[in-house]
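So the sequence shown is numbered by our numbering: it starts at 1 and just counts up by one.
Data block below; observations after.
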Amino acid sequence: KERILFPIDLSLIRKMIVCRMIKSFAGFHRCVGLICHNCVKFNGRESDYSALTREFEDNVDEKVLEAVRNATAAAAAAEAAASVAAAASATAPPAAAGTNGTGAA
Numbered sequence: 001k002e003r004i005l006f007p008i009d010l011s012l013i014r015k016m017i018v019c020r021m022i023k024s025f026a027g028f029h030r031c032v033g034l035i036c037h038n039c040v041k042f043n044g045r046e047s048d049y050s051a052l053t054r055e056f057e058d059n060v061d062e063k064v065l066e067a068v069r070n071a072t073a074a075a076a077a078a079e080a081a082a083s084v085a086a087a088a089s090a091t092a093p094p095a096a097a098g099t100n101g102t103g104a105a
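What follows is the structure, encoded as structure tokens:
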């Protein structure tokens, strides 16, 4: 069996996320890919473990893509809301001189 140069598992990935060594979906996806690569390398292409890891990797690909889409949509919505708020404040009439903005002197 070949030597695994970069051993990694899900608990290590979790620790890397907590200590901010993994900061993106891409970084997470790379690490999961390394787990799968190591599994195939260690167990051989034709093993039951390798078949299962390919299925696992397909599921991770799908979930990461879904998470990226959700994060992108949320960021776009937040940006749109910020633009609306900025436009609203830019068109609001200025407070009258000598008042605190509430109409009271």
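Glycine residues also receive a C-beta, built at the ideal position from the N, C-alpha and C atoms.
### Task
Put Leu10 into one of helix, strand or coil per three-state DSSP.
Within the sequence shown, the letter at position 10 stands for residue 10. In the structure shown, Leu10 sits in a helix (DSSP, three-state: H, G or I).
### Message
Tell me which residues share the same chain as Val32 and place their Cβ nearer than 6 Å to its Cβ, disregarding the 5 neighbours each side in the sequence.
### Response
Against the sequence shown, residue 32 aligns to sequence position 32. Same-chain partners within the cutoff: Val60.
### Message
Taking the beta carbon of Ile4 as the centre, do at least 16 other beta carbons fall within 10 Å, making it buried, or is it exposed?
### Response
One-based indexing of the sequence shown puts residue 4 at position 4. Per the 10 Å Cβ criterion, exposed.
### Task
Using a threshold of 9 Å, state whether the C-beta atoms of Ile8 and Asn38 are closer than that.
Counting from 1 along the sequence shown, the entry for residue 8 is found at position 8. Counting from 1 along the sequence shown, the entry for residue 38 is found at position 38. Going by C-beta atoms, Ile8 is nearer than 9 Å to Asn38.
### Alpha-carbon to alpha-carbon, Ala87 and Gly27
Position 27 of the sequence shown, counting from 1, holds the residue named residue 27. Position 87 of the sequence shown, counting from 1, holds the residue named residue 87. When rounded, the distance between both Cα atoms is 36 Å.
### Message
Please state the DSSP three-state secondary structure of Cys31.
### Response
Position 31 of the sequence shown, counted from the start, is the residue given in the question as residue 31. Cys31 carries a helical assignment under DSSP once its states are collapsed to helix, strand and coil.
### Query
Under a Cβ-count criterion, where at least 16 other Cβ atoms within 10 Å of its own Cβ denotes burial, should Thr53 be classed as buried or exposed?
On the sequence shown, position 53 is the one that residue 53 refers to. A residue is called buried once 16 or more other Cβ atoms fall within 10 Å of its Cβ, and Thr53 is buried on that count.
### Task
Can you grab the Cα-Cα spacing for the pair Ala82 / Leu10, in whole Å?
Your numbering for residue 82 matches position 82 in the sequence shown. Your numbering for residue 10 matches position 10 in the sequence shown. If you take the alpha carbons of Ala82 and Leu10, they lie about 37 Å apart.
### Query
So Val68 and Phe25 are in contact, right, with Cβ under 8 Å, and what is the actual spacing, rounded?
Within the sequence shown, residue 68 is the residue found at index 68, counting from 1. Within the sequence shown, residue 25 is the residue found at index 25, counting from 1. Between Phe25 and Val68 the Cβ distance is about 5 Å, and since that is below 8 Å, they are a contact.
### Query
Cα-Cα, which of Ala78, His29, Ile13 and Ala51 is closest to Glu62?
The count along the sequence shown starts at 1 and reaches residue 62 at position 62. Minimum Cα distance to Glu62 is reached at His29.
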